[in-house]
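Some notes on the structure that comes next.
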Amino acid sequence: MPDDEIARLSQQRFARMRPFGAGRSRSVDTAGLPPGPRWPALVQSAALLRFRHRFVPYLRRRFGDTFTVRLIPEGRPLVIFTRPEAIKEIFAGDPDLFHAGKGNGILGPIMGEHSLLLVDGAEHKRARKLLMPAFSPRALQDYQDLVTGVAKAEVGSWQTGRPFRSLDRMNALTLEVILRVVFGVTDEGRLARLRPLVNATVDVSPTVLLGWGIPRLQRFGMWKRAVETSYSLDRLIYAEIAERRASPDLEHRTDVLSQLIRVDDGGDRLSDPELRDQLVTLLLAGHETTATALAWALYEVGRDPAQRARARAAAAAGDDEWLEAIAQESMRLHPVIPMVVRTLMGPATVAGIHLQRGATVGASILLSHARADNHPEPEQFRPERFVGRSPAPNTWIPFGGGVRRCIGAGFSLMEAVAVLREVFTTYDVEAVGDDEPRVRNITSVPRRGARITVRDLVGSPR
5 MPDDEIARLS QQRFARMRPF GAGRSRSVDT AGLPPGPRWP ALVQSAALLR
55 FRHRFVPYLR RRFGDTFTVR LIPEGRPLVI FTRPEAIKEI FAGDPDLFHA
105 GKGNGILGPI MGEHSLLLVD GAEHKRARKL LMPAFSPRAL QDYQDLVTGV
155 AKAEVGSWQT GRPFRSLDRM NALTLEVILR VVFGVTDEGR LARLRPLVNA
205 TVDVSPTVLL GWGIPRLQRF GMWKRAVETS YSLDRLIYAE IAERRASPDL
255 EHRTDVLSQL IRVDDGGDRL SDPELRDQLV TLLLAGHETT ATALAWALYE
305 VGRDPAQRAR ARAAAAAGDD EWLEAIAQES MRLHPVIPMV VRTLMGPATV
355 AGIHLQRGAT VGASILLSHA RADNHPEPEQ FRPERFVGRS PAPNTWIPFG
405 GGVRRCIGAG FSLMEAVAVL REVFTTYDVE AVGDDEPRVR NITSVPRRGA
455 RITVRDLVGS PR
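Using our numbering, count along the sequence shown one by one with no gaps and you end on 466.
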C-alpha cells in the first residue's frame, strides 16, 4: 500500500474516532442516579484517569457500593458498581443495549474503528467469530513452544545479584511475544524498527488520551509526537500485512496474523484496515497488561520466602496449576485495568437503579477484587485461592465477562505460566524495596518497576 494511502487511512481514523465526537453530545437525564462527588466534570475525569487508586476507594468509603462520577464532555454520568450481583447484570445485559465500544472510545484514535474492543452488536459478533480460531485451545498449544523460546532467551540474559526493574524486562519479553507470535515478524531489521514505536505508543500519559478529542492539540508537543508515532507504526504494520499476504508459506504459518489473513467465513474475510486495527488491539490489550501482571507476580512471590520456595517447587515439578494461580492472584491483587464499562443505548435497570440512554455503567475491577466478602483478607497475596476451585462468579474479572470477555484471556494465562516456569526453574527471586501502583495511559503499573534480584539455583542449567 502506498505511503500516501496509509497516511490518508491514518488521518481518517483520527478524524472518525475522536473520543468525544465531532458535535454536541446528547444530554443524559441524571435524575435518580446514585450519589457522587459534586466537583466539576473535568476534575472528576482527571481524578478517575490519573489518581484512580485513591479516588475510587475514597468514593466507595464516602458513598457506598454504588456511586456516580460525572465525566467530560458535559458531565455525562458513569455509575460504578462493585457488588457481584450488580456486575452479573452488567455482563449479562443485552449486547444491543449495553454497548462496550463507546465506553472504550478514548482508545479509538489508536485502535481504529474495526477494533474488537470498539465495535458493538452485529459488527462485534462478526469480528469475534473471525478472530476466535486464532485463540482456540488448539492454537494456544501451537504458540506455547514459541512463547517458551522467547521466555528462555529473555530470562537467560538476566544478571544475577543486581537489582533491576522486573516491569522493564517483562515489557520487553511480552513485546517480543506479540511481535513474533502474534505479528509473526522474524526480520531483525523490522523488529528493531517496531520495538521503539510500540513502546512509544504504549507509554503515554492520560493527558495524551484526553488530547485525542481536541484535534488542534495534535499540532503540538506530546500530542503531535503521539500522532507521528501512530503514522509510523501504521506504515510498518501495513507493510507486514502486504508481505504476509504474498508469502509463499502463508498456509503453513502458525502466527496469529497469518491465521487471520487465511480466515474465510463463506467469503467474509478481513480487509487490510481491519487486520491493522485488530493487530493494534491485540498489541495494546495483550502486551502491557500481561507484562504488568507478571512483574507484580515476581515482586509478590519475591517478598515471601515461603512463596519463593513454593513457586520453585511448582516450576520444578511441572505444577502449572500453581503457576497459573500465581498469575491469577497477581491480577486480583494488582488490577491492571480499573473497570469494565458499558454505555446504554436505551433505558435499562441495573441493581434496581433506573438508568437512561447515554449513561455509562462500570463494573469496578479495583473494588470488586478488594472486597473482603469476595476475597477474604484481600490485601494478602494468596495464590491458593485459585487452586482446586474457581472464584465465585463475577468476583474475579480481570478479563471482563459475558459476550465481551477478553478473547485473549487464555493466551495471557498460557504466556504467564510459560514465563513463570522459566523464571522459577532458573532463579531464586527476591523483591527489592516496596512498591505501589501508578497510572500509565489507561493501565496501572508498579511505580518503582517491581524491582527484584535474582540468583542462580543450585543445578541450574545456566
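C-beta atoms are modelled at their ideal positions from N, C-alpha and C, and glycine is treated no differently. In this text, all values refer to a predicted model and were calculated from it rather than measured experimentally.
Considering residue i, what are the terminal residues of the alpha helix (DSSP H) in which it resides?
{"i": "methionine 260", "result": "According to the sequence displayed, residue 260 carries valine and not methionine. Here the alpha helix (DSSP H) through valine 260 covers 260 to 266."}
{"i": "leucine 120", "result": "Looking at the DSSP string, leucine 120 is not in any alpha helix (DSSP H), and its letter there is neither H nor E."}
{"i": "isoleucine 10", "result": "7 to 20"}
{"i": "valine 206", "result": "192 to 206"}
{"i": "threonine 293", "result": "292 to 306"}
Closest to residue i by CA distance: which of the options is it?
{"i": "arginine 444", "options": "His57, Gly40, Leu264, Gly68", "result": "His57"}
{"i": "glutamate 292", "options": "Asn108, Thr447, Leu348, Met349", "result": "Thr447"}
{"i": "arginine 169", "options": "Leu298, Leu274, Trp227, Leu195", "result": "Leu298"}
{"i": "proline 441", "options": "Val47, Asp69, Ser334", "result": "Ser334"}
{"i": "aspartate 98", "options": "Thr86, Val407, Pro309, Leu53", "result": "Val407"}
{"i": "alanine 289", "options": "Glu426, Met226, Ser119, Ala176", "result": "Ser119"}
{"i": "valine 47", "options": "Asp238, Arg74, Asp100", "result": "Arg74"}
{"i": "arginine 66", "options": "Thr429, Arg314, Arg42", "result": "Arg42"}
{"i": "serine 49", "options": "Thr34, Arg80, Arg64, Ser31", "result": "Arg80"}
{"i": "lysine 92", "options": "Leu82, Ala396, Gly109", "result": "Ala396"}
{"i": "arginine 142", "options": "Ala310, Arg455, Asp259, Thr429", "result": "Asp259"}
{"i": "alanine 295", "options": "Glu381, Asn175, Val345, Gly270", "result": "Asn175"}
{"i": "arginine 452", "options": "Ala131, Asp460, Ala352, Val436", "result": "Val436"}
{"i": "glycine 188", "options": "Trp162, Ile245, Lys156, Trp227", "result": "Ile245"}
{"i": "glutamine 360", "options": "Asp33, Gln263, Met5", "result": "Asp33"}
{"i": "aspartate 276", "options": "Trp326, Thr285, Arg312, Ile265", "result": "Ile265"}
Using beta-carbon positions only, say whether residue i and residue j come within less than 8 Å of one another.
{"i": "isoleucine 401", "j": "alanine 376", "result": "no"}
{"i": "histidine 379", "j": "threonine 364", "result": "no"}
{"i": "isoleucine 341", "j": "leucine 135", "result": "no"}
{"i": "proline 39", "j": "phenylalanine 59", "result": "no"}
{"i": "isoleucine 76", "j": "alanine 45", "result": "yes"}
{"i": "aspartate 281", "j": "glycine 116", "result": "yes"}
{"i": "glycine 306", "j": "glutamate 388", "result": "no"}
{"i": "glutamine 148", "j": "methionine 349", "result": "no"}
{"i": "leucine 283", "j": "isoleucine 218", "result": "no"}
{"i": "leucine 183", "j": "leucine 195", "result": "yes"}
{"i": "glutamine 233", "j": "leucine 201", "result": "Glutamine is not the amino acid found at residue 233; the sequence shown has threonine there. Yes. Within cutoff."}
{"i": "arginine 64", "j": "leucine 371", "result": "yes"}
{"i": "aspartate 460", "j": "threonine 164", "result": "yes"}
{"i": "tryptophan 216", "j": "arginine 22", "result": "yes"}
{"i": "leucine 171", "j": "alanine 454", "result": "yes"}
Just confirm the distance between the C-beta atoms of residue i and residue j, as a whole number of angstroms; I'd bet it's less than 8 Å.
{"i": "glycine 404", "j": "leucine 144", "result": "Not really, about 19 Å apart at Cβ, beyond 8 Å."}
{"i": "aspartate 438", "j": "proline 450", "result": "In fact, because the Cβ distance is near 10 Å, the residues do not count as touching under 8 Å."}
{"i": "alanine 331", "j": "alanine 420", "result": "4 Å"}
{"i": "isoleucine 114", "j": "threonine 205", "result": "7 Å"}
{"i": "leucine 337", "j": "glutamate 304", "result": "7 Å"}
{"i": "alanine 355", "j": "alanine 90", "result": "4 Å"}
{"i": "valine 181", "j": "valine 159", "result": "Incorrect: roughly 13 Å between the Cβ atoms, too far for contact."}
{"i": "valine 391", "j": "alanine 329", "result": "5 Å"}
{"i": "arginine 346", "j": "phenylalanine 102", "result": "4 Å"}
{"i": "tyrosine 235", "j": "serine 31", "result": "Not confirmed; about 35 Å, so no contact."}
Taking DSSP as the reference, what is the three-state secondary structure of residue i?
{"i": "threonine 430", "result": "coil"}
{"i": "arginine 28", "result": "Any reading at arginine 28 must be qualified, since the residue scores a pLDDT of 47, below 50, and its modelled position is unreliable; the value itself is stated next. The answer is coil: DSSP assigns arginine 28 none of H, G, I, E or B."}
{"i": "serine 161", "result": "coil"}
{"i": "methionine 343", "result": "strand"}
{"i": "proline 99", "result": "coil"}
{"i": "serine 368", "result": "strand"}
{"i": "aspartate 238", "result": "helix"}
{"i": "alanine 319", "result": "helix"}
{"i": "alanine 331", "result": "helix"}
{"i": "threonine 399", "result": "coil"}
{"i": "serine 275", "result": "coil"}
{"i": "valine 73", "result": "strand"}
{"i": "phenylalanine 59", "result": "helix"}
{"i": "isoleucine 84", "result": "strand"}
{"i": "serine 140", "result": "coil"}
{"i": "histidine 379", "result": "coil"}
State the start and end residues of the unbroken beta strand (DSSP E) segment that holds residue i.
{"i": "alanine 455", "result": "Note on identity: in this sequence residue 455 is arginine, with alanine being the wrong assignment. Note, arginine 455: beta strand (DSSP E), 455 to 460."}
{"i": "arginine 184", "result": "Premise fails: arginine 184 is in no beta strand (DSSP E) and is neither H nor E."}
{"i": "serine 49", "result": "Where serine 49 is concerned, there is no enclosing beta strand (DSSP E), although the alpha helix (DSSP H) it sits in stretches over 45 to 54."}
{"i": "histidine 128", "result": "Histidine 128 -> not in any beta strand (DSSP E); alpha helix (DSSP H) instead, spanning 125 to 135."}
{"i": "proline 443", "result": "This sequence places valine at residue 443; proline is not what is there. Segment 441 to 444, the beta strand (DSSP E) holding valine 443."}
Less than 7 Å between the CB of residue i and some heavy atom of the ligand FAD, yes or no?
{"i": "arginine 257", "result": "The ligand FAD is absent from the structure shown, which contains no ligand whatsoever."}
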